[in-house]
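Student: Each protein sequence line maps, in turn, to chains A and B. With the first sequence counted from 1, adding 1 to any position gets you the working numbering. With the second sequence counted from 1, adding 1 to any position gets you the working numbering.
Number of protein chains: 2
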Amino acid sequence: MAHFDIAIIGTGSGNSILDERYTDKKVAICEQNVFGGTCLNVGCIPTKMFVYAADIAHDVQDAARYGIDARIDAVRWPDIVSRVFGRIDPLAVGGENYRRASPNVEVFSSHTRFRPSTADGRYALRTDDGDEFTADQVVIAAGSRVTVPEAVTACGVPYHTSDTIMRIPEVPEHLIIVGGGFVACEFAHVFSALGSRVTLLIRGATLLRGHDDDIASRFTDLAAKKWEVRNHHELADARKVGDGVEITCQDGSKLRGDMLLVATGRVPNGDQLDAHHAGVKVSGSGQVVVDQYQRTTARGIFALGDVSSDYQLKHVANHEARVVKHNLLQDWDDTEAMMPSNHRYVPSAVFTDPQIAMVGLTENEARAKGLRIKVKIQDYSDVAYGWAMEDTVGIAKLIVDDDTGLLLGAHIMGHQASSLIQPVVQAMAFDLPAQEMARGQYWIHPALPEVIENALLALCGEPPWPPSRRH
Amino acid sequence: MAHFDIAIIGTGSGNSILDERYTDKKVAICEQNVFGGTCLNVGCIPTKMFVYAADIAHDVQDAARYGIDARIDAVRWPDIVSRVFGRIDPLAVGGENYRRASPNVEVFSSHTRFRPSTADGRYALRTDDGDEFTADQVVIAAGSRVTVPEAVTACGVPYHTSDTIMRIPEVPEHLIIVGGGFVACEFAHVFSALGSRVTLLIRGATLLRGHDDDIASRFTDLAAKKWEVRNHHELADARKVGDGVEITCQDGSKLRGDMLLVATGRVPNGDQLDAHHAGVKVSGSGQVVVDQYQRTTARGIFALGDVSSDYQLKHVANHEARVVKHNLLQDWDDTEAMMPSNHRYVPSAVFTDPQIAMVGLTENEARAKGLRIKVKIQDYSDVAYGWAMEDTVGIAKLIVDDDTGLLLGAHIMGHQASSLIQPVVQAMAFDLPAQEMARGQYWIHPALPEVIENALLALCGEPPWPPSRRH
Chain A
2 MAHFDIAIIG TGSGNSILDE RYTDKKVAIC EQNVFGGTCL NVGCIPTKMF
52 VYAADIAHDV QDAARYGIDA RIDAVRWPDI VSRVFGRIDP LAVGGENYRR
102 ASPNVEVFSS HTRFRPSTAD GRYALRTDDG DEFTADQVVI AAGSRVTVPE
152 AVTACGVPYH TSDTIMRIPE VPEHLIIVGG GFVACEFAHV FSALGSRVTL
202 LIRGATLLRG HDDDIASRFT DLAAKKWEVR NHHELADARK VGDGVEITCQ
252 DGSKLRGDML LVATGRVPNG DQLDAHHAGV KVSGSGQVVV DQYQRTTARG
302 IFALGDVSSD YQLKHVANHE ARVVKHNLLQ DWDDTEAMMP SNHRYVPSAV
352 FTDPQIAMVG LTENEARAKG LRIKVKIQDY SDVAYGWAME DTVGIAKLIV
402 DDDTGLLLGA HIMGHQASSL IQPVVQAMAF DLPAQEMARG QYWIHPALPE
452 VIENALLALC GEPPWPPSRR H
Chain B
2 MAHFDIAIIG TGSGNSILDE RYTDKKVAIC EQNVFGGTCL NVGCIPTKMF
52 VYAADIAHDV QDAARYGIDA RIDAVRWPDI VSRVFGRIDP LAVGGENYRR
102 ASPNVEVFSS HTRFRPSTAD GRYALRTDDG DEFTADQVVI AAGSRVTVPE
152 AVTACGVPYH TSDTIMRIPE VPEHLIIVGG GFVACEFAHV FSALGSRVTL
202 LIRGATLLRG HDDDIASRFT DLAAKKWEVR NHHELADARK VGDGVEITCQ
252 DGSKLRGDML LVATGRVPNG DQLDAHHAGV KVSGSGQVVV DQYQRTTARG
302 IFALGDVSSD YQLKHVANHE ARVVKHNLLQ DWDDTEAMMP SNHRYVPSAV
352 FTDPQIAMVG LTENEARAKG LRIKVKIQDY SDVAYGWAME DTVGIAKLIV
402 DDDTGLLLGA HIMGHQASSL IQPVVQAMAF DLPAQEMARG QYWIHPALPE
452 VIENALLALC GEPPWPPSRR H
């Protein structure tokens with residue numbers, strides 16, 4: 002049986018571990034799909050390429066209010082698909098070829114799972130192709146997978162998920178989306194802007210649950226003006242009708258459309274690994290249990306990314322991969338030398354319309370913790386650049402701890418939200434008090450970050466002079 | 002002769018001084034033009050409203066490369082003008098009415114200048130309308146004015162400046178712009194995107210001199226692809242020809258166009274005040290001399306903004322106004338109680354195409370200071386969002402001090418430049434080392450600020466673990 006120093010299961014962020022410090026290690030890399038993982042192949046990267054095209058289409062449709070009469074003559078969907086995947090697919094192939102050409106690396110291309118460990122304490126793995134090998138250390142970076150409700154799979158209706166919808170041959174006339182999270186809202190924007198009628202079926206009252214209430218409710222109100230949002234609806238049955246689908250909801254209502262997209266979330270792949278053979282604890286939801294050093298419950302086995310993280314976010318997986326990259330080379334028990342993961346202030350964004358970004362606590366979370374807080378919702382339309390954009394929807398909601406003066410959370414909906422939030426992330430990460438952040442730096446007039454400046458000033462006022470005390 | 006506690010000359014940033022602490026003061030406000038100053042009436046605010054319309058027009062024209070075939074049917078220039086000034090003009094009127102309604106304020110609506118002070122040490126002022134009054138304290142916030150070369154004024158050719166061009170009745174077919182600074186480049190973008198052919202006459206080799214060389218040269222190369230850039234050209238003579246103009250350059254070359262825009266800079270209005278009567282020192286260029294507390298050379302007289310500042314920037318004028326607002330209420334000699342101005346890291350932006358933002362030193366400035374520096378030019382196209390945008394021109398150039406690890410300057414050209422620079426401004430203002438900035442916070446994937454993250458990492462590498470020392 003072949004033996005490796007390290008086996009890495011999954012080539013998303015897991016593939017970034019092997020830097021020059023690992024050239025002496027004999028490494029097995031296991032990837033059952035194409036190289037590069039969710040982000041590159043079916044996640045962040047291609048979706049944002051579609052979203053940007055949708056943003057442009059939206060700008061054309063919206064140009065008249067700026068005095069520009071414009072129109073779309075055609076949306077060349079197949080060209081968009083070719084442009085996106087003509088760029089991405091070669092990267093996945095190139096990534097695999099690069100690893101296959103590395104003298105110290107062997108690539109296994111089918112699903113890999115644990116077998117009982119060997120008597121000498123080596124971990125044993127087996128691929129669906131029948132390969133078997135052992136390894137001293139293992140990195141579980143097996144990611145997550147789309148989950149589809151049984152009501153959908155049971156009825157045999159044709160459906161798409163985020164894995165497949167970006168390669169469909171043409172824009173559907175009427176797209177029905179089951180789900181109301183970020184994937185649902187991004188694709189609703191993409192297809193709506195590119196010409197589809199869009200209907201969203203959601204179980205709850207609002208889209209983007211888990212976001213701050215003000216964002217979720219305002220976004221849902223905006224969405225309802227351009228998409229059909231059927232809230233408090235759940236799919237009970239569905240069937241193929243002609244070239245389309247017919248959905249029956251639990252309340253008996255029916256709905257016909259041309260295509261069904263299921264966007265009801267992702268589950269970690271920890272349940273697919275027979276990890277108990279190695280002593281790796283996996284939660285009931287399929288999440289590999291790790292400590293702050295990304296160590297699983299089995300000595301020598303680390304995990305990172307969607308398979309083990311509370312965050313299904315590429316920037317978190319990348320951070321955890323850097324942690325594992327360092328910790329793999331340390332003694333398992335030497336927590337002094339090991340790098341801990343930092344999950345203190347993790348921002349995220351939804352590239353829908355309008356764009357949304359958040360970091361830290363929601364207002365409800367902050368209140369539930371019993372914190373004394375101050376909250377400001379700043380309209381984009383109150384700053385010069387918001388004027389220039391004739392903006393009517395953008396808001397930046399900031400939450401400050403009244404006792405410490407530190408920012409607790411930020412929730413931005415509007416143009417450039419995913420960029421505007423970065424100074425707030427930076428302030429939170431480096432414990433910069435909100436009042437100092439407001440006045441200790443210049444904010445370009447009339448640029449859009451003035452939204453953040455004004456929110457901070459509304460919360461904290463002008464700092465006193467002479468400064469009594471730096472926090 | 003009427004007497005006031007405070008006289009304020011100019012209602013740009015000067016108009017923001019009177020907060021609740023000043024309700025007991027008797028105040029004269031002098032404004033020879035409409036209320037609000039350059040920024041509101043002929044500067045930042047209206048130009049950015051035109052620029053945003055131009056950005057939208059540009060997006061429509063550029064949509065095809067994203068798979069969206071779009072076209073502009075019409076640019077409704079008069080509607081753009083109405084929208085912009087229909088919003089701004091009432092603000093100027095409202096600002097004046099508000100002051101006129103204040104019981105402690107008197108407004109003087111003609112040009113105001115100093116007369117010899119009275120025997121008891123009060124400053125004496127006189128308006129062109131013949132009003133005379135005295136004041137204990139004076140704030141000179143008289144701003145700057147457009148400067149036009151004598152070669153233009155002498156020949157009697159009709160021309161526009163930034164004061165007038167935004168109210169012209171229609172988009173000119175061929176606009177000739179004299180000058181290559183930020184005003185020239187913003188209007189070149191506006192009129193080009195809205196349909197004009199644009200020719201720029203510049204004396205030097207590149208547009209945007211004073212910016213980092215890489216920015217100026219790359220921007221000039223881009224500009225030359227869509228505008229006619231005649232560098233090393235200087236206007237010698239010009240005349241009206243039919244409905245248009247004919248320019249003769251010093252090398253004898255001629256050029257015909259439909260309209261002439263002169264954008265050759267602004268000069269401070271310090272020369273218009275007879276300030277010597279009050280003992281206020283004014284430089285040969287018309288700039289009122291101030292110290293770090295915004296005090297002029299005359300006891301009790303402060304100055305702020307374009308009339309006295311090295312920066313013709315609204316965010317700087319606003320900062321200086323906050324300083325004066327505080328210092329006016331302190332004892333003139335009590336520098337402990339007085340607030341100093343902070344001009345340490347002043348960012349600025351040019352809202353042209355592509356957008357440009359900068360802060361701190363240029364590479365040449367840093368090298369001239371003998372600093373050991375590291376420089377990175379990061380392409381937008383190397384990050385995911387740059388991909389999504391199919392970006393080919395965006396760059397972020399960061400300069401780090403190799404001895405201290407601190408950022409010395411940032412120069413960004415591309416989409417959202419004026420927003421992307423804010424985290425860098427914040428890092429510089431709070432002395433955050435570049436390496437900590439890179440890895441001490443999360444950067445949303447795949448948002449555009451990853452351009453900054455990647456530039457930082459390229460400069461500083463991954464931080465060591467355990468951290469040897471926090472800077």
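Glycine included, C-beta positions come from ideal geometry on N, C-alpha and C. Predicted, not measured: the structure shown is a model, and the values here were computed from it.
1) A:Phe-36 CB to nearest chain B CB: under 8 Å?
2) Given a cut-off of 8 Å on the beta-carbon distance, is the pair A:Ala-3 and A:Val-139 in contact?
3) At a CB-CB cut-off below 8 Å, which residues of chain B make contact with A:Leu-209?
4) Looking only at its own chain, which residues have a Cβ that is under 6 Å from the Cβ of B:His-548, when we skip the five neighbours before and after it?
5) Can you give the Cα-Cα distance for A:Val-246 and B:Ala-58, rounded to whole angstroms?
6) Identify, in the order they occur along the chain, each residue of the same chain with its Cβ nearer than 8 Å to the Cβ of B:Asp-529, setting aside the five sequence neighbours on each side.
7) CB-CB under 6 Å to B:His-234, same chain, minus the five flanking residues each way: which ones, in chain order?
8) Where B:Leu-274 and B:Val-308 are concerned, what is the direct C-alpha to C-alpha distance, given to the nearest angstrom?
9) Grouping DSSP H, G and I as helix and E and B as strand, with all else coil, what is A:Ile-453?
10) Evaluate the contact criterion for the stretch 191–200 of chain B versus the stretch 218–236 of chain B: three or more CB pairs, one atom per stretch, below 8 Å.
11) Is there a Cβ of chain A sitting closer than 8 Å to that of B:Gly-96, yes or no?
12) At 8 Å on the CB atoms, spell out the chain A contacts of B:His-316, in chain order.
13) Could you pull out every unbroken beta strand (DSSP E) segment of at least 3 residues lying fully inside the stretch 229–272 of chain B, listed in chain order?
14) Please state the DSSP three-state secondary structure of B:Glu-171.
15) Name, please, each residue of chain B whose Cβ falls closer than 8 Å to the Cβ of A:Gly-68.
16) In the DSSP assignment, what residue or residues form a beta bridge with A:Arg-198?
17) Are any of the Cβ atoms in chain A nearer than 8 Å to that of B:Met-414?
18) Kindly indicate which three-state DSSP category B:Thr-221 falls into: helix, strand or coil?
19) Tell whether a beta-carbon distance below 8 Å holds between A:Glu-32 and A:Ser-103.
20) For A:Ala-435, which residues from the same chain have a beta carbon less than 8 Å from its beta carbon, with the 5 sequence-adjacent residues on both sides left out?
21) Answer yes if the stretch 440–447 of chain A comes into contact with the stretch 364–374 of chain A, meaning at least three C-beta pairs across the two stretches below 8 Å, and no otherwise.
22) Assess, as a yes-or-no matter, whether the stretch 304–321 of chain B is touched by the stretch 148–157 of chain B under the definition of 3 or more beta carbon pairs within less than 8 Å.
23) Can you find a CB in chain A that lies within less than 8 Å of the CB of B:Arg-323?
24) With respect to the alpha helix (DSSP H) encompassing A:Met-340, which residues constitute its N-terminal and C-terminal limits?
25) Looking only at DSSP bridge pairs, what is B:Tyr-124 linked to?
26) What does the alpha-carbon distance come out to for the pair A:Leu-329 and A:Gly-301?
27) Just to make sure I have the definition right: I need the residues of chain B whose C-beta is within less than 9 Å of the C-beta of A:Cys-45. Which are they?
28) Alpha carbon to alpha carbon, how far is A:His-74 from B:Arg-77?
29) If contact is defined by three or more beta carbon pairs under 8 Å, each pair taking one atom from either stretch, is the stretch 414–425 of chain B in contact with the stretch 320–339 of chain A?
30) Using the beta-carbon of each residue, which ones in chain A are nearer than 8 Å to B:Val-347?
31) Using a C-beta to C-beta distance shorter than 7 Å, which residues of chain B count as neighbours of A:Lys-49?
32) Based on Cα-Cα distance, which residue from B:Gly-87, B:Val-172, B:Ile-46 lies nearest to B:Phe-192?
33) Taking 8 Å as the CB-CB cut-off, is A:Ser-145 touching chain B?
34) Can you have a look at A:Ala-206 and say buried or exposed, based on whether 16 or more other CB atoms are within 10 angstroms of its CB?
35) Which word fits B:Asp-323, buried or exposed, when buried means at least 16 other C-beta atoms lie within 10 angstroms of its C-beta?
36) Any idea what DSSP makes of A:Met-2, helix, strand or coil?
Tutor: The answer reads as follows:
1) So no, A:Phe-36 is outside the interface.
2) No; because the gap between Cβ atoms is not below 8 Å, this pair is not in contact.
3) The contacting residues do not exist; A:Leu-209 stays about 16 Å from chain B at best.
4) Residue coverage of chain B in this structure runs from 2 to 472, which leaves residue 548 of chain B outside it and unanswerable.
5) Cα to Cα, the separation comes out at about 39 Å.
6) What the structure shows of chain B is the stretch from 2 to 472, and residue 529 of chain B is not part of that stretch, so it cannot be assessed.
7) Contacts found: Leu-202, Cys-250.
8) So the two alpha carbons sit approximately 11 Å from each other.
9) DSSP places A:Ile-453 in helix when its eight states are reduced to three.
10) Yes, the stretch 191–200 of chain B touches the stretch 218–236 of chain B.
11) False, the Cβ-Cβ gap to chain A never drops below 8 Å.
12) Per Cβ cutoff of 8 Å: Tyr-443, Trp-444, Ile-445, His-446.
13) Listed in chain order, the complete beta strand (DSSP E) runs (minimum 3 residues) inside the stretch 229–272 of chain B are 229–231, 236–242, 245–250, 255–258, 260–263, 267–269.
14) Here B:Glu-171 sits in coil by DSSP.
15) Simply Ala-54, Val-76, Arg-77, Trp-78, Asp-80, Ile-81, Arg-84.
16) Answer is A:His-175, bridged to A:Arg-198.
17) So, not an interface residue.
18) In this structure, B:Thr-221 counts as helix in the three-state DSSP scheme.
19) The Cβ atoms of A:Glu-32 and A:Ser-103 do not sit closer than 8 Å to each other.
20) Here the set comprises Leu-399, Val-401, Gly-406, Leu-407, Leu-408, Ala-428, Leu-457, Leu-460, Cys-461.
21) Three or more Cβ pairs closer than 8 Å define a contact, and the stretch 364–374 of chain A falls short of that threshold against the stretch 440–447 of chain A.
22) Contact fails: fewer than three Cβ-Cβ distances are below 8 Å.
23) With 8 Å as the cut-off, B:Arg-323 counts as an interface residue toward chain A.
24) In the DSSP assignment, A:Met-340 falls outside any alpha helix (DSSP H) and carries neither an H nor an E.
25) Bridge partners of B:Tyr-124: B:Ala-136.
26) Looking at the two C-alpha atoms, the distance is approximately 8 Å.
27) Near A:Cys-45 (Cβ distances below 9 Å), the residues of chain B are Ala-385, His-446, Pro-447.
28) The sequence given here places Asp at residue 74 of chain A; His does not occur at that position. Computed Cα separation, rounded: 20 Å.
29) They do not touch, by the three-pair rule.
30) Ordered by position in chain A, the residues that pass the 8 Å Cβ test against B:Val-347 are Tyr-443.
31) Ala-385, Tyr-386, Ala-389, Pro-447, listed in chain order.
32) Considering only alpha carbons, the answer is B:Val-172.
33) At a cut-off of 8 Å, the C-beta of A:Ser-145 has no neighbouring C-beta in chain B.
34) In summary, A:Ala-206 is exposed, with fewer than 16 beta-carbon neighbours lying within 10 Å of its beta-carbon over all protein chains present.
35) What sits at residue 323 of chain B in the sequence shown is Arg, not Asp. Result: buried.
36) In the structure shown, A:Met-2 sits in coil (DSSP, three-state: anything other than H, G, I, E or B).
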